[in-house]
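Written out below as structure tokens is the structure these notes cover.
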Amino acid sequence: MSTKWQQFKNSYFFHSFIHDKVAIVSFVVLVMLVVCSFSAPIIAPHDPYDTTTIDVLDAETPPIWMEGGNPNFLLGTDAQGRDILSTMLYGMRVSLLIGLGAVFLQAFLGVVIGLIAGYFGGKLDSLLMRLADVQLSFSTLMVAIFISAIFQAFFGINKYEELAVPFLIIVIGLAEWPQYARTVRASVLAEKKKEYVEAAKVIGFGSGRIMWKHILPNTLSPILVISTIQVANAIMSEAALSFLGLGMPVTKPSLGSLINSGFEYIFSGSWWITIFPGILLVILILVINLLGDWLRDVLNPKLYKG
Amino acid sequence: MFAFIVRRFLQAVFVMLVISLIGFSIQHQIGDPVRDLVGISVSKKEREALREKLGLNDPFFIQYGRFLKKALHGDLGRSFFYKKPAVDVILSKAPATLELVFVTSILVIVFSIPLGIYCAIFPKKFLSRLIMGASVVGVSIPVFLTAIMLIYIFSVKLGVMPSFGRGELVHIGGYWYSGLFTWDGLKHLVMPSIALTSIMLPLFVRLIRAEMMEVLESEYIRFAWAKGLKPKRIWFVHAFKNTLLPVITVGGVQLGTLIAFTILTESVFQWQGLGFLFVEAVERADTTLLVSYLIFVGFVFVLINTLVDIIYGLVNPMVRITGKK
Amino acid sequence: MRKLFSLGLGILLSLCLFGLANAKTLRLAMDADPVSMDPHVQLSGGMLQYSQLVFDPLVRWTQDMKFEPRLAVKWERLNPTTVRFYLRKGVKFHSGNPFTAKDVAWTMARLKKSPDFKGLFEPFAEPKIVDDYTIDIITKGPYPLLLNMATYIFPMDSKFYTGKDENGQPKDAIVKTGPSFANSHESGTGKYVVAYREQGVKWILKAFKDYWDKNSGNVDEIILTPIKNDATRVAALLSGDVDFIMPVPPQDYSRIEKNPNLQLITMPGARIITFQLNQKRRPEFANKKVRQAIVYAVNNVGIVEKIMKGKATPAGQQSPEGFLGHVPELTPRYDLAKAKQLMKEAGYPNGFECSMIAPNNRYVNDEKIAEAVASMLSKINIKVNLKTMPKAQYWDQFDARAADIQMIGWHPDTEDSANYTEFLLMCPDEKTGYGQYNSGNYCNPEVDKLILQAQTETNVEKRKAILQKVERILYEDAAFVPLHWQHLSWAASKKLKNAKDIVNKQNFPYFGNLIME
Chain D
735 MSTKWQQFKN SYFFHSFIHD KVAIVSFVVL VMLVVCSFSA PIIAPHDPYD
785 TTTIDVLDAE TPPIWMEGGN PNFLLGTDAQ GRDILSTMLY GMRVSLLIGL
835 GAVFLQAFLG VVIGLIAGYF GGKLDSLLMR LADVQLSFST LMVAIFISAI
885 FQAFFGINKY EELAVPFLII VIGLAEWPQY ARTVRASVLA EKKKEYVEAA
935 KVIGFGSGRI MWKHILPNTL SPILVISTIQ VANAIMSEAA LSFLGLGMPV
985 TKPSLGSLIN SGFEYIFSGS WWITIFPGIL LVILILVINL LGDWLRDVLN
1035 PKLYKG
Chain B
194 MFAFIVRRFL QAVFVMLVIS LIGFSIQHQI GDPVRDLVGI SVSKKEREAL
244 REKLGLNDPF FIQYGRFLKK ALHGDLGRSF FYKKPAVDVI LSKAPATLEL
294 VFVTSILVIV FSIPLGIYCA IFPKKFLSRL IMGASVVGVS IPVFLTAIML
344 IYIFSVKLGV MPSFGRGELV HIGGYWYSGL FTWDGLKHLV MPSIALTSIM
394 LPLFVRLIRA EMMEVLESEY IRFAWAKGLK PKRIWFVHAF KNTLLPVITV
444 GGVQLGTLIA FTILTESVFQ WQGLGFLFVE AVERADTTLL VSYLIFVGFV
494 FVLINTLVDI IYGLVNPMVR ITGKK
Chain P
450 MRKLFSLGLG ILLSLCLFGL ANAKTLRLAM DADPVSMDPH VQLSGGMLQY
500 SQLVFDPLVR WTQDMKFEPR LAVKWERLNP TTVRFYLRKG VKFHSGNPFT
550 AKDVAWTMAR LKKSPDFKGL FEPFAEPKIV DDYTIDIITK GPYPLLLNMA
600 TYIFPMDSKF YTGKDENGQP KDAIVKTGPS FANSHESGTG KYVVAYREQG
650 VKWILKAFKD YWDKNSGNVD EIILTPIKND ATRVAALLSG DVDFIMPVPP
700 QDYSRIEKNP NLQLITMPGA RIITFQLNQK RRPEFANKKV RQAIVYAVNN
750 VGIVEKIMKG KATPAGQQSP EGFLGHVPEL TPRYDLAKAK QLMKEAGYPN
800 GFECSMIAPN NRYVNDEKIA EAVASMLSKI NIKVNLKTMP KAQYWDQFDA
850 RAADIQMIGW HPDTEDSANY TEFLLMCPDE KTGYGQYNSG NYCNPEVDKL
900 ILQAQTETNV EKRKAILQKV ERILYEDAAF VPLHWQHLSW AASKKLKNAK
950 DIVNKQNFPY FGNLIME
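Protein chains in written order, with the working numbering: chain D, 735 to 1040; chain B, 194 to 518; chain P, 450 to 966.
As structure tokens, this is what we get:
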């Protein structure tokens, strides 16, 4: 165990990490946010999912430092009288789960399909890419409608509240894999004619090994750029779906749907419903992106081996 | 080349067929179109009669067969709401979206290239970090929020920009009414295209930066430095040319995202384009229009990807567009 | 040829006149535009608003719920089934044809063919034309709401709509999903003529130069644009891009009120928002005490204050003030302690779990109201699984009775108390159509009997007693969960001098009477 740790400590990965202040700060902030959101039931002053504690008469209480603020609600309350701070913590957990889960699913599907399409080419390539076109035309909205129909047939309307998170991960994950597939495929097309691939073939490496070990690392750069941005997109897509009644249930708001629902109040004075979750989301996405940038620089074979 | 295009065309037909089949099978999930056609107090019997008349009660394959037969003649059915052939409705709304996407693309290209290159050449400079930071903020602010903020600041507070719609249009020909040729029309274009750009620009800045940094580290650039070429020539000619490839690919793919965001932008600005039409069709359960829209978008995707593949083949001679081994 | 020439000259002349007289243009933004130019194609708020602009009814509602003569100058009841209407003379249709009793009879015959209106006009028999300007409107039996229905009779130009169009389709055909003559042409007697129309984008309405009512307002042109997004609609008004918007989202009320150039107009409406408790799906809801407990647990006054920003009237019954059935003593009854007590008495001290559905784009703040009610019910240990969805999907689910608790709002087309009960609370019956929206399956034969009695009772006092009795029974039975009556809202520039006088509880602003600065 200790040798592993030693190994890790001496690695280029770790070395570049402790020498990059931005990376360290981002990492610390991200860890803090993740810890906060997953320990929300312990640290949050209220339980926003427990409807018995919510009173509509507390609705739109401003933050504590403003006139009319209530010491019970540090950052004020939303239109239902939920404590914003607690709702943000709970909501961030949902958003992180959905954002990361969906992006992981998209990336996995996209990379596999993109590698296969690019590497083997021909009819298989055409078929997969046209499938991607079909998929793209349907956009997230239609995919959500389609899958919700299947969900409803299996579980009925009343189970929705429990199944919303996996449902949304599947929907957003399935909807946007073509973005990855096309990018990876394009890189593969460019890479597979290069000498090192030919060399690997001559040596007799299997297709799988060539794809994963040799070609994939060279496509990493665009994948990481897309991924970090897709996390933000996934979180916002979830919020947009709530309009169709296909997002998180209104009683269990995510960060995105908080921003969404508060946005109509922004000009009527109750800006805190949107602004606080908005700031939190920006910070969250910012650190994920900064870490993504750093990771890309570190992992990219061309950059340091070049 | 010709064979390639013919094959792509056949593939497009296949894509549209698949889309129509899926679209048809899920249209019931959108809702009952008859509900939007009648008042709330209309009896069940009357509604049933209307469903019967519209053929909505027929078995799935009969409805689909009827649809295909008509589709062969270029008729995708009639929009329930607009009371016109769905194809006409889509064609009349398409120019609005195309113009919006066109202006947005120009903005994205004009800004993303210099910013991306700058951030790649001077990654440690304060300005680069600022640009990269701002780009994250841009991505994480939902587009409808950006849109409504723009309206609030420039229309309500300052009163310098129109708040909704396309303004004065000029008839170009056919279905095309353009807002590009009048002052009023251009003014109406400004805010929606900025809102859309705010989402797409960060992605491209980051992408160009990432690709460019990679290229700058590569051997032939080092060789160029060693040869004593001028920095400008290295950056803009040698390095930049090689970053283009992935940017073009991602650009083609991001068109999908762009379409998704036109939906949000158009509905905030009451911009009468395809995105707006899509939302309306979903809300009114105008299923014919919805299926036609999906087919149309599918066709556009195949078209764009074909173009991307052709450009790709031109830029990178190693990739043969025939795709055959 | 000469005719054409004079027509051209006339247009030219009127254009000049318009230019000289400093034409007044009203820029109007609604959430959606009327779906057609044929007033009988759909029975909806939007179509009736359109009808008020382009057509004129026989009589219309005033702000205080009285009848105002329009194309009928006066009327008298001849016997329990007949009312004689005396029609206005010298009225012209937009086509130039004169308006006569024949047009009224023709229009009524067409109403009976319209899928949307035929239900409302079911009690009517064929009218009798006495002379060109007198008509007897006859009902099959004694019918107390004859005048209410006369507000829906917007005479159409029978000559204009007779014959066949270029496709060989009869001009009077009512076509919901395709092109038809009436969908794209109009000839009414109203103040405005449709000059340009692009569905979903823009309408231009111009004042009709031969309009009979010379005392009407001074707006020469109306440009109607639908703006669906609430925030954009409000922004368009704030920035001065439009002069009048409807409806106004509650969260923006205070912002408009504070603006010195704008006026916010609200008025109590007749649309009641309720929840129905499905007794067939949930045996618990068949227990009167449980239903009462739920009514006691819902703080609808709080919902009105916080979510509706005070612009709604908390309800304890279906009929709002001014309706015959309204009983002043039946007030909202929020009392959490009592609710808990009732749950205990009913044998459910630990409550139960149930499902609830509500639309998210049908009524004002519908989703938020449902959410608030769900959390209120959790306080008496009823755990609610809430699902909200857009209206396009909602009605399918509603009809399928997909959840235990379902939201429904209702505005009676007849502007009469009995209509609420007929649709929402009478025993559901496929054949008669009563109880079509009774998803609670509340069924009380006494209520049914009383409502049927009220349908033929023409004596106002007796009828009032019956309808009030119904409200009392429903209240005692806790037949539904009353929330509030939605207020109607409009906002306008202060340039519109009498904007608050032209609106009414039916939400048919009489723009013809608008005076603009």
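Cβ coordinates follow ideal geometry from the N, Cα and C atoms, glycine included.
- [ ] Mind listing, in chain order, the continuous alpha helix (DSSP H) runs of no fewer than 4 residues lying wholly within the segment 863–926 of chain D?
- [x] Within the segment 863–926 of chain D, the complete alpha helix (DSSP H) runs of at least 4 residues fall at 894–909, 911–925.
TODO: Go to N528/P, then tell me how far its beta strand (DSSP E) extends in each direction, as first and last residue.
DONE: Here the question's residue 528/P lines up with position 79 in the third sequence. Segment 521–528, the beta strand (DSSP E) holding N528/P.
TODO: Compare the C-beta of W844/P with all C-beta atoms of chain B and state if any pair is closer than 7 Å.
DONE: Looking up residue 844/P in the third sequence gives position 395. For W844/P, the nearest CB of chain B lies under 7 Å from its own CB, placing it at the interface with that chain.
Task: Segment limits, alpha helix (DSSP H) that includes L916/P - done: The count along the third sequence starts at 1 and reaches residue 916/P at position 467. Residues 909–926.
Task: Nearest-angstrom beta carbon gap, Q465/B and A289/B [assumed within contact, 8 Å] - done: Position 96 of the second sequence, counted from the first residue, corresponds to residue 289/B. Position 272 of the second sequence, counted from the first residue, corresponds to residue 465/B. Contact holds; Cβ gap of about 5 Å.
Open item on the list: Measuring only the C-alpha atoms, how far is L654/P from N967/D?
Closed with: Against the third sequence, residue 654/P aligns to sequence position 205. Against the first sequence, residue 967/D aligns to sequence position 233. Distance between the alpha carbons of L654/P and N967/D: 43 Å.
Open item on the list: Could you tell me the alpha carbon to alpha carbon distance between L1037/D and S411/B, rounded to whole angstroms?
Closed with: Taking the first residue of the first sequence as 1, we reach residue 1037/D at position 303. Taking the first residue of the second sequence as 1, we reach residue 411/B at position 218. Residue placement at L1037/D is poorly supported in this model, since its pLDDT is 46, which falls under 50; the coordinates are not used for a value here.
- [ ] Determine whether the Cβ of Q700/P lies closer than 7 Å to any Cβ atom of chain D.
- [x] Within the third sequence, the letter at position 251 stands for residue 700/P. At a cut-off of 7 Å between beta carbons, Q700/P contacts chain D.
Task: Proximity test, Cβ basis, 7 Å: S665/P and chain B - done: On the third sequence, position 216 is the one that residue 665/P refers to. Contact of S665/P with chain B is not assigned, every C-beta pair being separated by 7 Å or more.
Task: Continuous beta strand (DSSP E) stretch holding W369/B: start and end - done: As a first step, residue 369/B is located in the second sequence; it is residue number 176 there, counting from the start. Under the DSSP assignment, W369/B falls in the beta strand (DSSP E) whose first and last residues are 369–371.
Task: Within-7 Å CB hit, I1007/D to chain P - done: One-based indexing of the first sequence puts residue 1007/D at position 273. At a cut-off of 7 Å between beta-carbon atoms, I1007/D makes no contact with chain P.
Task: DSSP bridge partner residues for Y641/P (one or two, in chain order) - done: For the purposes of this step, residue 641/P is taken as the residue at position 192 of the third sequence. DSSP output for Y641/P lists A656/P as bridge partner(s).
Open item on the list: Quick check: what's the CA-CA separation for W739/D versus V763/D?
Closed with: Along the first sequence, read from residue 1 onward, the residue named residue 739/D stands at position 5. Along the first sequence, read from residue 1 onward, the residue named residue 763/D stands at position 29. Taking C-alpha positions only, W739/D is separated from V763/D by approximately 23 Å.
- [ ] Pick out the complete beta strand (DSSP E) segments inside the segment 722–788 of chain P, 3 residues or longer, and give them in chain order.
- [x] Taking 3 residues as the shortest admissible run, the segment 722–788 of chain P contains the following complete beta strand (DSSP E) segments, listed from N- to C-terminal end: 761–763.
Open item on the list: Give me the chain D residues within the contact set of Y505/B, using Cβ-Cβ distance strictly less than 8 Å, ordered along the chain.
Closed with: Position 312 of the second sequence, counting from 1, holds the residue named residue 505/B. Here the neighbours are A920, L923.
Open item on the list: Taking 7 Å as the threshold (beta carbon to beta carbon), is A403/B in contact with chain D?
Closed with: Taking the first residue of the second sequence as position 1, residue 403/B is located at position 210. Output row for A403/B: interface = yes.
Task: Endpoints, beta strand (DSSP E) assigned at K943/P - done: What you label residue 943/P is simply residue 494 of the third sequence in a count that begins at 1. First-last for K943/P: undefined, no H or E at that position.
- [ ] Spell out the partners DSSP gives D817/D in its beta bridges.
- [x] Taking the first sequence and counting its residues from 1, the one referred to as residue 817/D is at position 83. Paired residue(s): T811/D.
Task: Option in L1024/D, P1011/D, I1000/D, G979/D with minimal Cα separation from N810/P - done: For the purposes of this step, residue 810/P is identified with residue 361 of the third sequence, where counting begins at 1. For N810/P, the nearest C-alpha among the options comes from G979/D.
TODO: For D487/P, name the three-state secondary structure that DSSP assigns.
DONE: On the third sequence, residue 487/P is found 38 positions in, with the first residue counted as 1. Three-state result, D487/P: coil.
Open item on the list: What does the alpha-carbon distance come out to for the pair V408/B and A841/P?
Closed with: As a working note, residue 408/B is residue 215 in the second sequence. As a working note, residue 841/P is residue 392 in the third sequence. Each residue's alpha carbon lies about 52 Å from the other.
Open item on the list: I'd like to confirm the pairing. Which residues does DSSP put opposite R509/P in its beta bridges?
Closed with: One-based indexing of the third sequence puts residue 509/P at position 60. Answer is E517/P.
TODO: For the beta strand (DSSP E) containing G366/B, list its first residue and its last residue.
DONE: Here residue 366/B corresponds to residue number 173 of the second sequence, with the count starting at 1. Segment 363–366, the beta strand (DSSP E) holding G366/B.
- [ ] In angstroms with no decimal places, state the Cα-to-Cα distance between V336/B and R720/P.
- [x] The residue you call residue 336/B lines up with position 143 of the second sequence. The residue you call residue 720/P lines up with position 271 of the third sequence. Taking the straight line from one Cα to the other gives about 35 Å.
Task: C-alpha distance - K828/P paired with M805/P, whole-angstrom precision - done: Taking the third sequence and counting its residues from 1, the one referred to as residue 828/P is at position 379. Taking the third sequence and counting its residues from 1, the one referred to as residue 805/P is at position 356. CA-to-CA, the gap between K828/P and M805/P works out to about 16 Å.
- [ ] Within the same chain, show all residues whose beta-carbon is closer than 7 Å to that of I306/B, passing over the 5 residues directly before and after it, in chain order.
- [x] Sequence index remark: in the second sequence, residue 306/B carries index 113 (1-based). Only I401 meet the Cβ criterion.
Task: Backbone CA spacing between V845/D and A973/D [nearest angstrom] - done: Taking the first sequence and counting its residues from 1, the one referred to as residue 845/D is at position 111. Taking the first sequence and counting its residues from 1, the one referred to as residue 973/D is at position 239. Those two C-alpha atoms are separated by around 26 Å.
Open item on the list: With a threshold of 7 Å on Cβ separation, who are the neighbours of K562/P within its own chain once the five nearest residues in sequence on each side are excluded?
Closed with: What you label residue 562/P is simply residue 113 of the third sequence in a count that begins at 1. Excluding residues within five positions, the ones whose Cβ falls inside 7 Å are I623.
Open item on the list: Taking 7 Å as the threshold (C-beta atoms), are V503/P and G637/P in contact?
Closed with: Mapped onto the third sequence, residue 637/P falls at position 188. Mapped onto the third sequence, residue 503/P falls at position 54. Less than 7 Å divides the Cβ of G637/P from the Cβ of V503/P.
TODO: Identify whether D848/P lies in helix, strand or coil by the three-state DSSP scheme.
DONE: One-based indexing of the third sequence puts residue 848/P at position 399. Per DSSP, reduced to three states, the secondary structure at D848/P is helical.
Task: Proximity to K832/P [Cα-Cα], best of I1022/D, S771/D, T787/D, G890/D - done: Counting from 1 along the third sequence, the entry for residue 832/P is found at position 383. Nearest option by C-alpha distance: T787/D.
TODO: Flag T947/P as yes if its beta-carbon sits less than 7 Å from any beta-carbon of chain D, otherwise no.
DONE: Within the third sequence, residue 947/P is the residue found at index 498, counting from 1. One point to set straight first is that residue 947/P is Asn, not Thr, in the sequence displayed. Chain D contact via Cβ: absent.
- [ ] Could you tell me the distance, in whole angstroms, from the CA atom of G835/D to the CA atom of V211/B?
- [x] Locating residue 835/D in the first sequence gives position 101, where the first residue counts as 1. Locating residue 211/B in the second sequence gives position 18, where the first residue counts as 1. Between G835/D and V211/B, the C-alpha separation is close to 28 Å.
Task: Contact residues within the segment 831–862 of chain P, judged by C-beta distance below 7 Å to chain B - done: Interface annotation for the segment 831–862 of chain P against chain B: P839, A841, Q842, W844, D845, D862, criterion Cβ-Cβ distance under 7 Å.
Task: Short CB-CB distance (under 7 Å) between Y486/B and chain P - done: For the purposes of this step, residue 486/B is taken as residue 293 along the second sequence, with counting starting at 1. Cβ-Cβ to chain P under 7 Å: no for Y486/B.
Open item on the list: Suppose the cutoff is 8 Å on Cβ atoms and the five residues either side in sequence are ignored; what does the same chain contact list for V931/D look like?
Closed with: To locate residue 931/D, count along the first sequence from 1; it is residue 197. Around V931/D: E925, I944, H948, I949.
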